[in-house]
Structure formats: C-alpha cells, structure tokens
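Undergrad:
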Amino acid sequence: MSTDLKSPDAPSTASRLSTWHMLRSEWIKLWSVRSTTTMLLVVVAILIGFGALAAAVSTGDVTAADGDGGPGRFATDPFSLVMTGSTFAVLLVGTLGALVGAREFTSGMMRTTVSAVPRRLALLGAKAVALTVALLPAVVAGVLGAFWVGMTILSNGGAETVTLATAGWAAVGTIAYLLGVGLLGLSLGFLFRSIAGSISTIIGGLLILPGIIGALLPDSWSPLLKYLPSNAASSFASVTVPTDMLSVGAGAAVFVAWLVVALSAAGYVFRRRDV
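Using the working numbering, you'd call the opening residue of the sequence shown number 811 and step up by one each time.
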C-alpha cells in the first residue's frame, strides 16, 4: 500500500514579491524610457536658464523685448524673480508624472503588471515613490542652481538679493511644490488612463484654470481661488506671502489635502476598475 505524497504548491511569484522588488521594478521601468532622463535634464536647464535670464533682464544685463531693463523692472522679490523657471518646470514635471501614471494603461502593459503584482495600492505606492526619488535630485539641483546663478547675477548688477538663510523655506517649498505636481500628474494618469487627457488636465488645472475662474467668478467668490493647488502653493513657495493668499501653514495644508485626495481617488479607481 503506497501513499501518494503531493508536494505543496509553490508560492506564487506575486506572493513572494516584496515591497523592495516592486520599487526596484518600477525604478527600472521608469529609467528604461529615454524620455525620463531628457525631461529631468530639461527641468534643471529651465529652472536655471529662466532664472538667470530673468535676473539678467532685471539688472539690465539683457534688454527686454520692449527695450526696458535695469533694476526695478520686475516688481517682485528677488527669490520669486530667480524662480521664474518654476512655472515652466511645472509643465514638464506634471507631464512626466502623467506619463508614468498612464503609459502602461495605453500600451496594455498594465495587465501584465497587475498579474505580477495583484496588490494594486502597493503598486501605485511603488510608482509614486520611484517618481518622487527620480524627481528629487533634478528639482533640488534646478532650484538651488537657479538661486545661486540668479542671485550672483543680481548681486553683480547691484540689485537686491536674499540669502539662502532668508529664502531657505521658500526654496524647500518650491521643491515640495514641484514634487507634488509630479504626484498630481501620476494620480491623473491613473484616473484618466490617457496620456493626453491627464497631461491636459494637469496643465490646465494648474496654469490655465485659476485665471479663467478668476475672470468668470464674481468678486465675492474670489477668496475661493486661494484654495486652488497652484495658488495654495504660492503661499509656501515664496519669501513674501501675497496678501490675498493663504498663510504658509494653511497653504501647505491645502496643497497636501489636494495630494491626498488625488492619490486616494487614483487608488480607489485603480482597485475598483478592471485594467
């Protein structure tokens, strides 16, 4: 009489897949696309280049298109002046986030990814971490580079400058804002599952919508504008907080709330909807 001994089923690949393996996989996928490196380098170049150009125009080293130049041309604080490129960097950072979020849906690769990693919220978290870690060096280098180059130009031109000791928190706020924009783009990519739709939404929502709403809404509704993501960020990404904006703490809280809502919505939809 013999006994049929069955070997226990081998654990599936998905069950053995650790958080570290997920992070490593998303990191490899992120850098396997050549456009990632290109976009990050352009982010650094835009931040430093536009900051230097704005400082040069302000001091008169470069004449503006209307022939005007010299100290006082820009009615803004020195930090905001040298961070002029952050407006354009938002476009690229948001676009990169949207690409990371939507690319696998449009190509159909998300089915394979979900089969290997059934823990969908963990997968979303791994993508968010990989994107943030990839963005951080580029954003830090761009912001600090723009600050150093811009302040050097302003100082050589006899214009007002600020030190990093004074503008340190504003620099940190600018870095945090750009990183947050990347996560917003990622969330929209998961929500819309369309590269074009998520890119147009992140750009329109941050750069175009505030102006349109401000023009259409009655004056009594204008206080609502300060709660939009880009306006909330202006309170903690500036040395001088605009009088019509939220305080630094309130602005940071509102921006974090936008991030939490966006990522939560992306996670909910990702879990509930088939890929």
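By construction, the Cβ of each residue, glycine as well, lies at the ideal position given by its N, Cα and C atoms.
1) Might you give, ordered along the chain, the residues of its own chain that have their beta carbon closer than 8 Å to the beta carbon of Val972, omitting 5 neighbours on each side?
2) If you draw a straight line from the alpha carbon of Lys839 to that of Arg921, how long is it in whole angstroms?
3) Give the range of the alpha helix (DSSP H) segment to which Pro1052 is assigned.
4) Under a Cβ-count criterion, where at least 16 other Cβ atoms within 10 Å of its own Cβ denotes burial, should Tyr1078 be classed as buried or exposed?
5) If you draw a straight line from the alpha carbon of Glu914 to that of Ile1023, how long is it in whole angstroms?
6) Which stretch, first to last residue, makes up the alpha helix (DSSP H) that contains Met798?
7) Expressed to the nearest angstrom, what Euclidean distance is found between the alpha-carbon atoms of Ser1045 and Pro1039?
8) Write down the C-beta distance between Leu1069 and Gly990 rounded to the nearest angstrom, noting that I regard them as a contact closer than 8 Å.
9) Going by DSSP, what residue range makes up the alpha helix (DSSP H) through Tyr987?
10) In chain order, what residues of the same chain lie with their CB nearer than 6 Å to the CB of Gly1086, ignoring the 5 residues before and after it?
11) If you run the structure through DSSP and keep just helix, strand and coil, what is Ala1075?
12) For Phe898, collect the residues of the same chain with a Cβ closer than 7 Å to its Cβ; drop the 5 residues on either side in sequence, then sort them by chain order.
13) Is Ser828 helix, strand or coil when you go by DSSP?
14) When DSSP labels each residue in this structure, what does Val853 get in the three-state scheme?
15) At which residues does the alpha helix (DSSP H) containing Ala969 begin and terminate?
16) Within 10 Å of its beta-carbon, does Arg1003 have 16 or more other beta-carbons around it, so buried, or fewer, so exposed?
17) Helix, strand or coil for Leu1038? Go by DSSP, reduced to three states.
18) Go to Val1090, then tell me how far its alpha helix (DSSP H) extends in each direction, as first and last residue.
19) Sort Leu863, Gly904, Gly895 and Ala865 by Cα distance to Ile1005 and report the nearest one.
20) Between Ala936 and Gly995, what straight-line distance do the alpha-carbon atoms span, to the nearest angstrom?
21) Hey, could you find the ends of the alpha helix (DSSP H) Pro1033 is sitting in?
22) Take the Cβ of Val892 as the centre, count every other Cβ of all protein chains shown within 10 Å, and call the residue buried at 16 or more, exposed below.
23) Which residues mark the beginning and the end of the alpha helix (DSSP H) in which Leu1019 is found?
24) Using beta-carbon positions only, say whether Leu1001 and Ala951 come within less than 8 Å of one another.
25) Could you tell me whether the Cβ atoms of Val1085 and Val924 are closer together than 8 Å?
26) Measuring alpha carbon to alpha carbon, tell me which residue in Ala944, Val939, Leu993 and Ala969 is nearest Ala864.
TA: On the basis of the data shown:
1) Numbered from 1 along the sequence shown, position 162 holds the residue referred to as residue 972. Here the set comprises Asp887, Pro888, Phe889, Met961 and Val1049.
2) Numbered from its first residue, the sequence shown carries residue 839 at position 29. Numbered from its first residue, the sequence shown carries residue 921 at position 111. C-alpha of Lys839 to C-alpha of Arg921: approximately 15 Å in a straight line.
3) The residue labelled residue 1052 in the question sits at position 242 within the sequence shown. That residue, Pro1052, is in no alpha helix (DSSP H); it is neither H nor E in DSSP.
4) By one-based count along the sequence shown, residue 1078 stands at place 268. Exposed is the call here.
5) In the sequence shown, counting from the first residue as 1, residue 914 sits at position 104. In the sequence shown, counting from the first residue as 1, residue 1023 sits at position 213. Roughly 33 Å between the two C-alpha positions.
6) In the structure displayed, the chain extends from 811 to 1085; residue 798 sits before or after that span and is not available.
7) Along the sequence shown, one-based indexing puts residue 1045 at 235. Along the sequence shown, one-based indexing puts residue 1039 at 229. Computed Cα separation, rounded: 10 Å.
8) Your numbering for residue 1069 matches position 259 in the sequence shown. Your numbering for residue 990 matches position 180 in the sequence shown. Contact holds; Cβ gap of about 5 Å.
9) Start at 1 with the first residue of the sequence shown, and residue 987 comes out as number 177. Unbroken alpha helix (DSSP H) run through Tyr987: Leu974 to Phe1002.
10) A query on residue 1086 cannot be resolved here, the shown segment of the chain reaching from 811 to 1085 and no further.
11) Along the sequence shown, read from residue 1 onward, the residue named residue 1075 stands at position 265. Reduced to three states, the DSSP call for Ala1075 is helix.
12) As a working note, residue 898 is residue 88 in the sequence shown. Once the five neighbours on either side are set aside, the close Cβ partners of Phe898 are Ile856 and Phe860.
13) Residue 828 sits at position 18 when you count from the first residue of the sequence shown. Here Ser828 sits in coil by DSSP.
14) Within the sequence shown, residue 853 is the residue found at index 43, counting from 1. Three-state DSSP puts Val853 in a helix.
15) Numbered from 1 along the sequence shown, position 159 holds the residue referred to as residue 969. Per DSSP, Ala969 belongs to no alpha helix (DSSP H) and is neither H nor E.
16) As a position in the sequence shown, residue 1003 is number 193, starting the count at 1. Classification for Arg1003: buried.
17) The count along the sequence shown starts at 1 and reaches residue 1038 at position 228. Three-state DSSP puts Leu1038 in coil, outside helix and strand.
18) Because the chain here runs from 811 to 1085, residue 1090 falls outside it and cannot be looked at.
19) Translated into positions along the sequence shown, residue 1005 becomes position 195. Answer by Cα proximity: Gly904.
20) Numbered from 1 along the sequence shown, position 126 holds the residue referred to as residue 936. Numbered from 1 along the sequence shown, position 185 holds the residue referred to as residue 995. Distance between the alpha carbons of Ala936 and Gly995: 15 Å.
21) On the sequence shown, position 223 is the one that residue 1033 refers to. Segment: none, Pro1033 is in no alpha helix (DSSP H) and carries neither H nor E.
22) Numbered from its first residue, the sequence shown carries residue 892 at position 82. Under this definition Val892 is a buried residue.
23) Along the sequence shown, one-based indexing puts residue 1019 at 209. Start and end: Leu1019 to Leu1026.
24) For the purposes of this step, residue 1001 is taken as residue 191 along the sequence shown, with counting starting at 1. For the purposes of this step, residue 951 is taken as residue 141 along the sequence shown, with counting starting at 1. Result no, Cβ atoms of Leu1001 and Ala951 do not sit closer than 8 Å.
25) If you number the sequence shown from 1, residue 1085 lands on position 275. If you number the sequence shown from 1, residue 924 lands on position 114. Cβ atoms of Val1085 and Val924: closer than 8 Å.
26) Taking the first residue of the sequence shown as position 1, residue 864 is located at position 54. When each option's Cα is compared against that of Ala864, the closest is Ala969.
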